[in-house]
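Participant:
There are 2 protein chains.
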Amino acid sequence: MPGRRKSDFSLRSVPVAMMPGERFAEFLRAGGKRLTSQRRWIVEQVFSHHDHFDADELMGHLAELISQRKLSRATVYRTLNELVEAGLLRKMTLGGRSVYEHEYGYPSHDHLYCQSCNRLIEFHSVALERLRDAVAREHDFQVLSHRMFITGYCAICRRAGGE
Amino acid sequence: MPGRRKSDFSLRSVPVAMMPGERFAEFLRAGGKRLTSQRRWIVEQVFSHHDHFDADELMGHLAELISQRKLSRATVYRTLNELVEAGLLRKMTLGGRSVYEHEYGYPSHDHLYCQSCNRLIEFHSVALERLRDAVAREHDFQVLSHRMFITGYCAICRRAGGE
DNA sequence: CTACTTGCAAATCATTTGCAGATGA
DNA sequence: TCATCTGCAAATGATTTGCAAGTAG
Numbered sequence: 021m022p023g024r025r026k027s028d029f030s031l032r033s034v035p036v037a038m039m040p041g042e043r044f045a046e047f048l049r050a051g052g053k054r055l056t057s058q059r060r061w062i063v064e065q066v067f068s069h070h071d072h073f074d075a076d077e078l079m080g081h082l083a084e085l086i087s088q089r090k091l092s093r094a095t096v097y098r099t100l101n102e103l104v105e106a107g108l109l110r111k112m113t114l115g116g117r118s119v120y121e122h123e124y125g126y127p128s129h130d131h132l133y134c135q136s137c138n139r140l141i142e143f144h145s146v147a148l149e150r151l152r153d154a155v156a157r158e159h160d161f162q163v164l165s166h167r168m169f170i171t172g173y174c175a176i177c178r179r180a181g182g183e
Numbered sequence: 021m022p023g024r025r026k027s028d029f030s031l032r033s034v035p036v037a038m039m040p041g042e043r044f045a046e047f048l049r050a051g052g053k054r055l056t057s058q059r060r061w062i063v064e065q066v067f068s069h070h071d072h073f074d075a076d077e078l079m080g081h082l083a084e085l086i087s088q089r090k091l092s093r094a095t096v097y098r099t100l101n102e103l104v105e106a107g108l109l110r111k112m113t114l115g116g117r118s119v120y121e122h123e124y125g126y127p128s129h130d131h132l133y134c135q136s137c138n139r140l141i142e143f144h145s146v147a148l149e150r151l152r153d154a155v156a157r158e159h160d161f162q163v164l165s166h167r168m169f170i171t172g173y174c175a176i177c178r179r180a181g182g183e
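Top to bottom, those sequences are chains H and S.
Counting in our numbering, the first sequence runs from 21 upward without gaps.
Counting in our numbering, the second sequence runs from 21 upward without gaps.
1) Less than 9 Å between CB atoms is the rule here; does A147 of chain S satisfy it with respect to chain H?
2) Taking the C-alpha atoms as reference points, what is the distance between G181 of chain H and S57 of chain S?
3) Whole alpha helix (DSSP H) runs in the region 134-160 of chain H with 4 or more residues, listed along the chain?
4) In this structure, what does DSSP give as the bridge partners for E121 of chain S?
5) From the DSSP output, in three-state form, read off H81 of chain H for me.
6) Shortest alpha-carbon distance to F143 of chain S belongs to which of H:H159, H:R89, H:K90, H:C174?
7) Please list, in chain order, the residues of the region 141-166 of chain S that have any C-beta partner in chain H closer than 7 Å.
8) Give the straight-line distance between the Cα atoms of L116 of chain S and D76 of chain S, rounded to the nearest whole angstrom.
9) For a quick check, are the C-beta atoms of Y173 of chain S and F161 of chain H less than 9 Å apart?
10) Confirm, please, whether the CB-CB distance from G41 of chain S to R60 of chain S is below 9 Å.
11) Drop a sphere of 10 angstroms on the beta-carbon of S43 of chain S, count the other beta-carbons inside from all chains shown, and report buried for 16 or more, exposed for fewer.
12) Rounded to whole angstroms, what's the CA-CA distance from L100 of chain H to R110 of chain H? Just pull it up for me.
13) Is R98 of chain H helix, strand or coil when you go by DSSP?
14) Quick one: which chain S residues come within Cβ less than 9 Å of C137 of chain H?
15) Under a three-way DSSP split, which group does F44 of chain S fall into?
Quick look at the structure:
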């Protein structure tokens with residue numbers, strides 16, 4: 021049963037019917053938008069590995085194309101927004117800048133943020149989701165999504181001493 | 021917010037040794053900073069009632085002083101930062117802008133955010149804190165703080181139909 | 001063809017900062 | 001006194017947008 025809706029939080033891994041690139045192409049087609057090489061380069065880079073990144077880091081990986089003037093800063097920002105609209109990326113704000121991560125094809129999760137090394141560590145907790153729903157029920161609140169963010173020091177930095 | 025369980029109710033107010041104003045004066049003194057009338061006006065306005073606000077809303081309340089040029093935009097921003105440093109206010113980011121709320125003299129809590137009316141509803145859950153600590157322990161992570169943010173539709177907007 | 005896209009540069013927007021005059025301790 | 005403030009205006013920095021030229025369908 022492919023093609024799950026994005027409000028499904030219950031699975032450790034999410035089966036997907038299409039690769040991110042196809043899925044994006046579909047999104048564009050549906051909106052009368054075009055599949056350009058710029059958009060293709062960006063999607064390819066973004067989904068080449070799973071981690072958190074901001075616009076600048078992404079542009080760092082695309083530096084070649086940018087310096088050749090085949091891709092511009094503006095287009096990167098525009099495409100990032102489209103990827104979020106398309107449900108392929110999730111955007112969060114961390115220290116003033118926007119940070120993105122894969123949303124499509126990955127299970128939902130929350131984060132531990134190490135204040136020392138700035139690492140984001142993912143975790144998933146069914147109990148947290150249950151708790152969220154219980155709180156929402158108590159307030160007659162209809163949940164669309166949630167975000168749990170725990171700040172502190174990660175195992176590595178703790179061992180590295182101090183702080 | 022009446023009508024809650026005892027366990028929650030007992031945490032609704034936190035006894036403090038000083039009023040926010042005194043506490044801020046203390047903070048300033050300790051840092052060799054001065055208690056000016058501008059800082060006094062801002063603290064007084066900020067703690068005159070408990071709610072969430074951003075820099076612009078605050079300046080709306082201080083419009084009189086600002087138009088008389090006894091207080092400037094820059095000073096409001098500078099003082100807001102000092103209040104956060106002093107531990108009197110907590111800052112969060114919501115839709116690109118900074119939103120503040122009382123931290124001193126107020127129990128810790130998390131938020132339900134209504135996407136329709138933009139209201140922030142506070143809640144406190146001991147179970148959430150326990151869960152947070154359990155997750156952290158599992159990752160050998162030292163917790164400093166956390167933030168849980170649930171997005172959706174509040175009771176009022178749900179009743180009012182649709183979006 | 002031609003409507004959607006792009007690169008470029010200029011524009012935003014909230015927030016910050018440099019400076020010279022003002023002021024609290 | 002005099003180091004710390006303040007208002008002002010200009011500077012930031014990330015992100016967005018207007019526009020004329022480029023290009024997918």
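Quick reminder that beta carbons are idealized off the backbone N, C-alpha and C, glycines included.
Facilitator: According to the data block:
1) Here residue 147 of chain S is taken as the residue at index 127 of the second sequence, counted from 1. When Cβ-Cβ separations below 9 Å define contact, A147 of chain S makes contact with chain H.
2) Your numbering for residue 181 of chain H matches position 161 in the first sequence. Your numbering for residue 57 of chain S matches position 37 in the second sequence. When rounded, the distance between both Cα atoms is 44 Å.
3) List check, alpha helix (DSSP H) in window: 146-158.
4) In the second sequence, the residue the question calls residue 121 of chain S occupies position 101. As a beta-bridge residue in DSSP terms, E121 of chain S pairs with S:R110.
5) Within the first sequence, residue 81 of chain H is the residue found at index 61, counting from 1. If DSSP states are grouped into helix, strand and coil, H81 of chain H belongs with the helices.
6) The sequence position of residue 143 of chain S within the second sequence is 123, counting from 1. Looking at H:H159, H:R89, H:K90, H:C174, the one whose alpha-carbon comes closest to that of F143 of chain S is H:H159.
7) Within the region 141-166 of chain S, the residues whose Cβ lies closer than 7 Å to some Cβ of chain H are I141, F143, S145, A147, L148, L151, R152, V155, A156, H159, D160, F161, Q162, V163, L164, S165, H166, listed in chain order.
8) Residue numbering aside, residue 116 of chain S sits at position 96 when the second sequence is read from its first letter. Residue numbering aside, residue 76 of chain S sits at position 56 when the second sequence is read from its first letter. Looking at the sequence provided, one finds Gly at residue 116 of chain S rather than Leu. If you take the alpha carbons of G116 of chain S and D76 of chain S, they lie about 13 Å apart.
9) As a position in the second sequence, residue 173 of chain S is number 153, starting the count at 1. As a position in the first sequence, residue 161 of chain H is number 141, starting the count at 1. Yes, they are a contact pair.
10) Working through the second sequence from its first residue, we reach residue 60 of chain S at position 40. Working through the second sequence from its first residue, we reach residue 41 of chain S at position 21. A contact, by the Cβ cut-off of 9 Å.
11) Here residue 43 of chain S refers to the residue found at position 23 when the second sequence is read from its first residue. Residue identity check: residue 43 of chain S is Arg in the sequence provided, not Ser. So R43 of chain S ends up on the buried side.
12) The count along the first sequence starts at 1 and reaches residue 100 of chain H at position 80. The count along the first sequence starts at 1 and reaches residue 110 of chain H at position 90. Each residue's Cα considered, the two are about 10 Å apart.
13) Counted from its first residue, the first sequence places residue 98 of chain H at position 78. Reduced to three states, the DSSP call for R98 of chain H is helix.
14) Your numbering for residue 137 of chain H matches position 117 in the first sequence. By Cβ distance, chain S contributes nothing, its closest Cβ being about 12 Å from C137 of chain H, past 9 Å.
15) For the purposes of this step, residue 44 of chain S is identified with residue 24 of the second sequence, where counting begins at 1. Residue state, collapsed to three classes: helix.
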